[in-house]
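*Asks:*
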Amino acid sequence: WAEELDGVDEPTLLAPGAADWAGAGVERVEVELSMAETRELARRASELGITLNTAVQGAWAVLISQLTGIQDVMFGATVSGRPAELHGVDTMVGMFINTLPVRARIAPADTLADLLVDLQRHQAALLDHHHYGLADIQRSTGLQTLFDTLVVYESYPTDQSGLAEANNRAGIHCTGLRPYAGSTHYPLAVIAVATAQLQLSLEYRQDLFAHATVEDMGARLLRILRELLADPGRRIAGIDTLEPWDRARLDAFNDTEAAVPDEPVHRIIERQTAATPDAVAVRCGEVALTYRELDERAARLAVGLRRRGAGPETLVALALPRSTDLVVAVVGILKAGAAYLPIDPKYASDRLVFMLEDAGPVLLLTDLATAPALPATDVPHVHLEDIDLAATADRTVLPTDLRPDNLAYVMYTSGSTGTPKGAALTHANIVGPVTRLAEILGSGPTSRMLGAASVNFDISVFEYFLTLTTGGCVEMVRDVLVLGEGGDWEGRVVHTVPSALGEVLDRCTGALRLETVVLAGEAFPPDLLHKIRAVMPGTRVINGYGQTEDFYAMTFDIPDAWEGEGGMPIGTPLSNIRVYVLDGALNPVPPGAVGEVYVAGRVGRGYYGRPGLTSERFVADPFGPAGERMYRTGDLARRTGEGHLEFAGRNDSQVKVRGFRVEPHEVEAAIVAHPEVERAVVIARDGRGSSKQLIAYAVRSEGVEGLDPREVREFLAERLPDYMVPAAIVPVDRMPLTPNGKLDRAALPEPEFTGEVYRAPRTEDEARLAELFREVLGLDRVGLDDNFFALGGHSLLATQLIGRVERAFGVGLPIRVVFEHPTVAALADRLRTDAGSHVEDRFAPLLTIRSEGEGEPLWFVQPGFGLGWSYLNFAPHVRDRPVYAFQAPAFSGAPSPRSMEEFVHDCLRRIQEVQPAGPYHLFGWSFGGTAAHAMAVELERRGHEVGLLGLLDCAPSTYFHDAEVPPPHDVERVLSEYVGSMLAPEDVRDVVRRAAVAWINHMEILQGFTSPVHVGNALFFKATRSQDGRYAGDDGNWKQHVTGTVEAYDIEADHEGMCDAAPAAEISRIVNRKLGTA
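Using the working numbering, you'd call the opening residue of the sequence shown number 2 and step up by one each time.
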């Protein structure tokens, strides 16, 4: 069972977070195949060599994969528990039934036949192990639960004629008999009865599923079974489980075609100016401009820009303070036919330089006060003061042939790679959404809109153009937080991000009388809705949705009666926008299933000057007119029964901590579950070297005087795996915000790893040791009882600590001692105990990683750079046996081996000094794997037994025969980052130089050696995420060098990360199982 579930790292749950079943409220939905369909399904199953049970299980696996978005799915299945080899088992009375996990790996490129044959093969291999208890099986995975759905297949024979005869004699007639699983504690169970017709009953908990939802599931399950009986060779990605009525509902959802003005946005403003010339268009403090004044100033500015080179399809960078003239400048640039490139002086100088160089604007419009804050570039500056905005504008120089598809603005947004990218949007991208938004909001000449967003943020597009195209007034302010700083403000519309509004409501000292609040740009927490209703009762709340790449896509007008059950809907599409929720094969997902959001219709042009990135994110729309594109947002959502979309997070927000994948939102949800925490943000910060650490920032709940980080961590430790518990919990009064009003992650304070209650060192040695802890961990203070690993330490930092201890105390300690004695007090005691004893050199040719254990040792052979320290990550996971690692002689000053034969001879001599007799268990990563294989062959030649041979992402020696050996300085450059992360700064240069010597020596001896043939078996561990494929593309490379089996395991890592914490833990589990110590 451990082998079958190896690699399972998440449960498959249709109802995550479901409370324990109270024993009531179970309903069912019944569906069935016809007799003809059942016969055909049985024939197909026979052709494939599978049972009907497997066919039902495979269909359910496909369906729950679609519903959950998981490709490695699990569900429960009942087995009889009556093995045929047990004599008389069919006459025994008692409950033998057992529930066991079924695992199905859903690869979209596979066919249904592939899936079912694989499922049958795995099930057959487990037949002899059906007596194991589910709790024991589950415990081996380390997960709290594996699944929450059950498949029951009832095929026991029933003597129907005998029952009928008995009923007739008794004068009774029984009706309504149906299979029943009782639903036990599973939210949903599928019961299949094999009669002349395949009958399926879906039993479900009414507190978790709506009847209509389960009806949908039943219908889709039948569709998958019908796909199977029609064509088992159909690819899983091509299976369509949408009912015709559901597809019609999707079509209606995206039936948004509507007439909108077919002209540039500034032309609409000009028409509004003609209609209401004396109405106030924009106000900032005491300064106000009417529509006529705004139009005249913008026209004069446009003429000045036009004469300086601005025109259609050119960019004018814009850097002005928040004032009425900022709005004049935006409109003026558009009148000149150009597009504006907002430049916020508050942003970092290097970001501004990048934007200007990347976009290449023809001009930079600023003023004399702002110009000194801008970085020096080659872009010509135009100061607003240099243009006479009071002169008569010669409008004849302004373009008259602009179209809606002309560029209107380029707005830079952060890229996933860290490089900003400029989203290019046209006039049509503005006009369509603001026309529909104006209808939704009822905007008109009496509207007052708060102009609070940075011009760098597309909420400003909403504020300016929705207002100015409908005759309202934009009231410019510093930012939205001014609403919470005293005084009353009455207006119709405020548009901001949820985190900023939450800050306003926390600060608010006066009355806020707002007709409508529109929130977008971040996930909308339901708790914020309750706060809005408490502070501003009667205010209309709208949740908006869109990206910089498409401006605005959807809205959800929150009903007054809505209480925030479930997630916050993001609504329905605006005019001429289509929104799809698709799976990995670009198929629409069923209602309730999570998929990625794609926006189509009038989306932006793409990324300015980035055709490659544009083609990656703006892809062909398979559902729309020919030639149209859709934007891949990276957001996840699900369709609700009411026809809305509900935001479900990001598909790229995962981070890796110690090699494990972590979803920060999951950790945030666990923290907010603490009764004293109101809000939390979790980020991954760089630790020492290349490591990542989770850091949580928590805002205490109202009425809580102080938040105890230690208590919160203990709370989380009971609910989350250790790698998901943040290294630090940082209490903050409020979350910092960017100029756009979004969470400013860069402004979050650095964490303080305070550890245990501080107990000062008592002796000079303890004080020196505490100082070494502090230096290595980068902390302000470390006390006697602080745990090295709880403070953010890990195995590579442990090697740095040991090096510093050796220099400070003149005593060498095995690196394992840090794992065994992780506090200052405990390590100081060990130092006193070891005073005058044997000193172990961390650069010794043979490194003792762990000395305790009853089993035969594991012997790890050094990788190419020569150090065995990477294998330290195996120490916590290998069960009950010593662990040793070889290291290159270059580090101890001994001569390097002249051949692989000499290398093997020296290693085996050292092994047999410690372990005279076998079996010998040899492992190696990279070069170490090639060498371990050679050592195994030599041991066999000498008549010794080889137990396990583990090859970690390595290749036979022939791979290296034609490789060019680079010069030492190139090798040092490549190794400096990886090896340097294990060392104190003062050691890096010397150790990297020695590592390069070892690496070159290993290459040279491989080139003069041919890997022999091992008469036995091997385990091969492949790094599935390697980019260059340099090492052993698959286990087939080793099969000509191993007479037995090469048992291959995929490890989610790249080559360099093969011995990181998570891969090491996974490999160790397999090794333990093979050695009988799992």
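Virtual Cβ for every residue (Gly too), placed ideally from N, Cα, C.
In chain order, which beta strand (DSSP E) runs of at least 3 residues are fully inside the segment 368-401?
*Replies:* 382-384
*Asks:* Tyr608 and Ala425 - do their beta-carbons sit closer together than 8 Å?
*Replies:* Numbered from 1 along the sequence shown, position 424 holds the residue referred to as residue 425. Numbered from 1 along the sequence shown, position 607 holds the residue referred to as residue 608. Contact flag set, yes.
*Asks:* 8 Å is my cut-off, CB to CB: does Gly607 come that close to chain B?
*Replies:* Note that chain B does not occur in the displayed structure, where there is just one protein chain.
*Asks:* Measure the beta-carbon distance from Glu681 to Ala697 and round it to whole angstroms, keeping in mind my assumption that it falls under 8 Å.
*Replies:* Stepping through the sequence shown from its first residue, residue 681 is reached at position 680. Stepping through the sequence shown from its first residue, residue 697 is reached at position 696. The residue asked about is misnamed: residue 681 is Ala in this sequence, not Glu. At roughly 6 Å, the Cβ-Cβ gap stays under 8 Å, so Ala681 and Ala697 are in contact.
*Asks:* Please identify the residue among Tyr413, Asn577 and Val74 whose C-alpha is closest to the C-alpha of Arg104.
*Replies:* Taking the first residue of the sequence shown as 1, we reach residue 104 at position 103. In terms of CA proximity to Arg104, Val74 leads the group Tyr413, Asn577 and Val74.
*Asks:* Buried or exposed: Thr393, going by 16 or more other Cβ atoms within 10 Å of its Cβ?
*Replies:* Along the sequence shown, read from residue 1 onward, the residue named residue 393 stands at position 392. When all chains shown are included, Thr393 counts as exposed.
*Asks:* Could you check the C-alpha separation between Asn788 and Thr414 for me, to the nearest Å?
*Replies:* On the sequence shown, residue 788 is found 787 positions in, with the first residue counted as 1. On the sequence shown, residue 414 is found 413 positions in, with the first residue counted as 1. Those two C-alpha atoms are separated by around 41 Å.
*Asks:* Under 6 Å Cβ to Cβ from Met477, same chain only, skipping five residues before and after it: list those, please.
*Replies:* Counted from its first residue, the sequence shown places residue 477 at position 476. Answer for Met477: Cys285, Arg323 and Gly452, listed in chain order.
*Asks:* Is Thr214 helix, strand or coil by DSSP?
*Replies:* Taking the sequence shown and counting its residues from 1, one reaches residue 214 at position 213. Three-state result, Thr214: helix.
*Asks:* On the CB-based measure, 16 or more other CB atoms within 10 Å of its CB, does Gln124 come out buried or exposed?
*Replies:* Within the sequence shown, numbered from 1, the residue matching residue 124 stands at position 123. When all chains shown are included, Gln124 counts as buried.
*Asks:* Would Ala1 and Gln694 be called neighbours here (beta carbons separated by less than 8 Å)?
*Replies:* Look at the range of the chain in this structure, 2 to 1079, and you will see that residue 1 is not part of it.
*Asks:* Between the alpha carbons of Gly635 and Asp115, how many angstroms are there, rounded?
*Replies:* The count along the sequence shown starts at 1 and reaches residue 635 at position 634. The count along the sequence shown starts at 1 and reaches residue 115 at position 114. Cα to Cα, the separation comes out at about 30 Å.
*Asks:* Determine the contact status of Gln888 and Leu923, defining contact as a CB-CB distance below 8 Å.
*Replies:* Within the sequence shown, numbered from 1, the residue matching residue 888 stands at position 887. Within the sequence shown, numbered from 1, the residue matching residue 923 stands at position 922. No.
*Asks:* Should the segment 948-960 be called in touch with the segment 880-895, which here means at least 3 C-beta pairs below 8 Å?
*Replies:* no
*Asks:* Give the list of continuous alpha helix (DSSP H) stretches no shorter than 4 residues that lie fully inside the segment 24-51.
*Replies:* 36-49
*Asks:* Quick check on the burial criterion: 16 or more other C-beta atoms within 10 angstroms. Buried or exposed for Val331?
*Replies:* Counted from its first residue, the sequence shown places residue 331 at position 330. That one is buried.
*Asks:* Can you tell me whether DSSP reads Ala670 as helix, strand or coil?
*Replies:* The residue you call residue 670 lines up with position 669 of the sequence shown. Three-state result, Ala670: helix.
*Asks:* How many angstroms separate the CA atom of Leu529 from the CA atom of Met569?
*Replies:* Numbered from 1 along the sequence shown, position 528 holds the residue referred to as residue 529. Numbered from 1 along the sequence shown, position 568 holds the residue referred to as residue 569. Those two C-alpha atoms are separated by around 11 Å.
*Asks:* Could you check if Cys175 is buried or exposed, using at least 16 other CB atoms within 10 Å of its CB as the buried criterion?
*Replies:* Start at 1 with the first residue of the sequence shown, and residue 175 comes out as number 174. By the 10 Å Cβ count, Cys175 comes out exposed.
*Asks:* For Asn430, is the classification buried or exposed, using 16 other Cβ atoms within 10 angstroms of its Cβ as the cut-off for buried?
*Replies:* For this step, residue 430 is matched to residue 429 along the sequence shown. Buried, since its Cβ has 16 or more Cβ neighbours within 10 Å.
*Asks:* Since I believe Leu53 is in contact with Ala195 (beta carbons under 8 Å), could you give me their beta-carbon distance rounded to a whole number of angstroms?
*Replies:* Taking the first residue of the sequence shown as position 1, residue 195 is located at position 194. Taking the first residue of the sequence shown as position 1, residue 53 is located at position 52. Yes, they are in contact, since the Cβ atoms of Ala195 and Leu53 sit about 6 Å apart, within 8 Å.
*Asks:* If you run the structure through DSSP and keep just helix, strand and coil, what is Ser455?
*Replies:* The count along the sequence shown starts at 1 and reaches residue 455 at position 454. Ser455: coil per DSSP, three-state reduction.
*Asks:* Could you please give the first and the last residue of the uninterrupted alpha helix (DSSP H) stretch that includes Thr325?
*Replies:* Here residue 325 corresponds to residue number 324 of the sequence shown, with the count starting at 1. Thr325 to Lys336 is the span of the alpha helix (DSSP H), which, as asked, contains Thr325.
*Asks:* Name, in chain order, the residues that DSSP records as bridge partners for Glu491.
*Replies:* In the sequence shown, residue 491 corresponds to position 490, counting from 1. Arg514.
*Asks:* Compare the beta carbon distance of Met555 and Tyr546 with 8 Å and say whether it is the shorter of the two.
*Replies:* Translated into the one-based positions of the sequence shown, residue 555 becomes position 554. Translated into the one-based positions of the sequence shown, residue 546 becomes position 545. Contact flag set, yes.
*Asks:* For Ile98, count neighbouring C-beta atoms within 10 Å of its own C-beta (all shown protein chains included) and say buried if the count is 16 or more, exposed if not.
*Replies:* By one-based count along the sequence shown, residue 98 stands at place 97. Exposed is the call here.
*Asks:* Quick one: complete alpha helix (DSSP H) runs, 4+ long, within the segment 894-965?
*Replies:* Those alpha helix (DSSP H) runs which fall completely within the segment 894-965 and span 4+ residues are 901-915 and 928-942.
*Asks:* Round the Cβ separation of Val620 and Val879 to the nearest angstrom and send it over; I've been treating them as touching at under 8 Å.
*Replies:* As a working note, residue 620 is residue 619 in the sequence shown. As a working note, residue 879 is residue 878 in the sequence shown. About 46 Å separates the two Cβ atoms, so there is no contact after all.
*Asks:* Mapping DSSP to helix, strand and coil, what is Val705?
*Replies:* Taking the first residue of the sequence shown as position 1, residue 705 is located at position 704. Note: Val705 maps to coil in three-state DSSP.
*Asks:* Are Ala62 and Ala46 close, meaning C-beta to C-beta below 8 Å?
*Replies:* The sequence position of residue 62 within the sequence shown is 61, counting from 1. The sequence position of residue 46 within the sequence shown is 45, counting from 1. Result no, Cβ atoms of Ala62 and Ala46 do not sit closer than 8 Å.
*Asks:* Where Val806 and Phe790 are concerned, what is the direct C-alpha to C-alpha distance, given to the nearest angstrom?
*Replies:* In the sequence shown, residue 806 corresponds to position 805, counting from 1. In the sequence shown, residue 790 corresponds to position 789, counting from 1. When rounded, the distance between both Cα atoms is 17 Å.
*Asks:* What residues in its chain sit with their C-beta under 6 Å from that of Phe463, if we drop five residues either side in the sequence?
*Replies:* Walking along the sequence shown from the start, residue 463 turns up at place 462. Closer than 6 Å at Cβ, skipping near neighbours: His496.
*Asks:* Secondary structure at Met356, three-state DSSP: helix, strand or coil?
*Replies:* Against the sequence shown, residue 356 aligns to sequence position 355. Of the three classes helix, strand and coil, the one that applies to Met356 here is helix, per DSSP.
*Asks:* Could you check if Gln207 is buried or exposed, using at least 16 other CB atoms within 10 Å of its CB as the buried criterion?
*Replies:* Numbered from 1 along the sequence shown, position 206 holds the residue referred to as residue 207. Counting of Cβ neighbours within 10 angstroms places Gln207 among the exposed residues, the total staying below 16.
*Asks:* Per DSSP, which one or two residues make a beta bridge with Gln694?
*Replies:* The count along the sequence shown starts at 1 and reaches residue 694 at position 693. Note: Gln694 sits in a beta bridge opposite Arg686.
*Asks:* Ends of the beta strand (DSSP E) at Phe774?
*Replies:* Along the sequence shown, one-based indexing puts residue 774 at 773. Segment Glu765 to Leu778 is the alpha helix (DSSP H) holding Phe774; no beta strand (DSSP E) there.
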